[in-house]
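Below you'll find the structure, written out as structure tokens, and then a few comments.
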Amino acid sequence: MHLKRWISSIIALPIVLYLIFSGGMPFLFLMIAVCAICLWEYFSIVFNNKHKNNLIIWLGFLLGIIIIIAAYEKSYDLILLIAAFDLICCALISIAASKTESSLLEAVSKQVQGIIYIPIFLAFLVLIRNDINGNIWIFYILFIIFAGDIGAYYIGTHFGRHKLIPIVSPGKTLEVAIA
19 MHLKRWISSI
29 IALPIVLYLI
39 FSGGMPFLFL
49 MIAVCAICLW
59 EYFSIVFNNK
69 HKNNLIIWLG
79 FLLGIIIIIA
89 AYEKSYDLIL
99 LIAAFDLICC
109 ALISIAASKT
119 ESSLLEAVSK
129 QVQGIIYIPI
139 FLAFLVLIRN
149 DINGNIWIFY
159 ILFIIFAGDI
169 GAYYIGTHFG
179 RHKLIPIVSP
189 GKTLEVAIA
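With the first letter of the sequence shown counted as 1, position 167 gets the number 185 in the working numbering; the numbers rise by one all the way through.
Next up, the structure:
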């Protein structure tokens, strides 16, 4: 288990560090890739292959990537406009397909939540990186995340005894939450 983590870290860390440090288009492509992967994961979790209308899912992918590009171009108004456009398009899709699919309103809400949760928050990373000393702030954010994740893993491994909420996350313990 540790060997796989170390090997993937040794391979991925220099690449990610280079992309963050260089900024510009390489960082933009990194954020687009991260956005696409995160949206894919989110949509596969929340829709769980039950949703038949893939149009709102593909709309989410397209608009999510456009949000990241708009953040790179520092088009703050465009980010909000895209989020509103997504909501309107999803509503129109749900009206058009409501006769054939009863769960479409739930699917629309999940898609819009995904657009707000993933691309818009990733857009903040792009905006931070494009600022003066932005790469230092990105490294600081990643350091805090990695330190918390590694600390939680080792605290949970060595001291975790009391399950926190087994239905939601079977591996989480009270000791990890306190740490």
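Just so you know, even glycine gets a beta-carbon here, dropped at the ideal spot from N, CA and C.
Bridge partner(s) assigned by DSSP for residue 175: As a first step, residue 175 must be located in the sequence shown, where it is residue number 157. Note: residue 175 sits in no beta bridge, so no partner.
Status (buried if at least 16 other CB within 10 Å, exposed otherwise) for residue 131: If you number the sequence shown from 1, residue 131 lands on position 113. So residue 131 counts as exposed.
Proximity below 7 Å, CB of residue 122 to CB of residue 112: Numbered from its first residue, the sequence shown carries residue 122 at position 104. Numbered from its first residue, the sequence shown carries residue 112 at position 94. For residue 122 and residue 112, yes; Cβs fall inside 7 Å.
Residue nearest to residue 172 in terms of C-alpha spacing, selected from 152, 127, 183 and 189: In the sequence shown, counting from the first residue as 1, residue 172 sits at position 154. The residue with the shortest Cα to Cα distance from residue 172 is 189.
Residues sharing a beta bridge with residue 181, DSSP: Position 163 of the sequence shown, counting from 1, holds the residue named residue 181. Beta-bridge pairing links residue 181 to 191.
Residue 86 and residue 32 closer than 7 Å at C-beta: As a first step, residue 86 must be located in the sequence shown, where it is residue number 68. As a first step, residue 32 must be located in the sequence shown, where it is residue number 14. No; because the gap between Cβ atoms is not below 7 Å, this pair is not in contact.
Burial state of residue 186, where buried means 16 or more other Cβ atoms lie within 10 Å: Numbered from 1 along the sequence shown, position 168 holds the residue referred to as residue 186. Residue 186 should be labelled exposed.
Contiguous beta strand (DSSP E) assignments of at least 3 residues, all confined to the region 20-81: none
Collapsed DSSP secondary structure at residue 92 in the structure displayed: The residue labelled residue 92 in the question sits at position 74 within the sequence shown. Coil at residue 92, not helix or strand.
Where residue 153 falls: helix, strand or coil (DSSP): In the sequence shown, the residue the question calls residue 153 occupies position 135. Here residue 153 sits in helix by DSSP.
Cα-Cα separation, residue 94 to residue 181: Here residue 94 is taken as the residue at index 76 of the sequence shown, counted from 1. Here residue 181 is taken as the residue at index 163 of the sequence shown, counted from 1. Distance between the alpha carbons of residue 94 and residue 181: 43 Å.
First through last residue of the alpha helix (DSSP H) which encompasses residue 136: Start at 1 with the first residue of the sequence shown, and residue 136 comes out as number 118. Per DSSP, residue 136 belongs to no alpha helix (DSSP H) and is neither H nor E.
Close-in-space but distant-in-sequence residues of the same chain around residue 97 (CB under 8 Å, 5 per side omitted): As a position in the sequence shown, residue 97 is number 79, starting the count at 1. Here the set comprises 85, 88, 89, 138 and 141.
Burial state of residue 125 (16 or more Cβ within 10 Å): Here residue 125 refers to the residue found at position 107 when the sequence shown is read from its first residue. Buried is the call here.
Per-residue DSSP class, three states only, for residue 144: The residue given as residue 144 occupies position 126 in the sequence shown. Three-state result, residue 144: helix.
Nearest-angstrom beta carbon gap, residue 80 and residue 144 [assumed within contact, 8 Å]: In the sequence shown, counting from the first residue as 1, residue 144 sits at position 126. In the sequence shown, counting from the first residue as 1, residue 80 sits at position 62. Going by Cβ atoms, the distance from residue 144 to residue 80 rounds to 17 Å, so no, they are not a contact pair.
Distance, residue 177 Cα to residue 101 Cα: For this step, residue 101 is matched to residue 83 along the sequence shown. For this step, residue 177 is matched to residue 159 along the sequence shown. Answer to the nearest angstrom: the Cα atoms are 43 Å apart.
Beta-carbon contacts of residue 82 that lie in its chain and below 7 Å, excluding the five residues immediately before and after: Counting from one through the sequence shown, the residue named residue 82 turns up at place 64. Same-chain partners within the cutoff: 53, 57, 133, 136 and 137.
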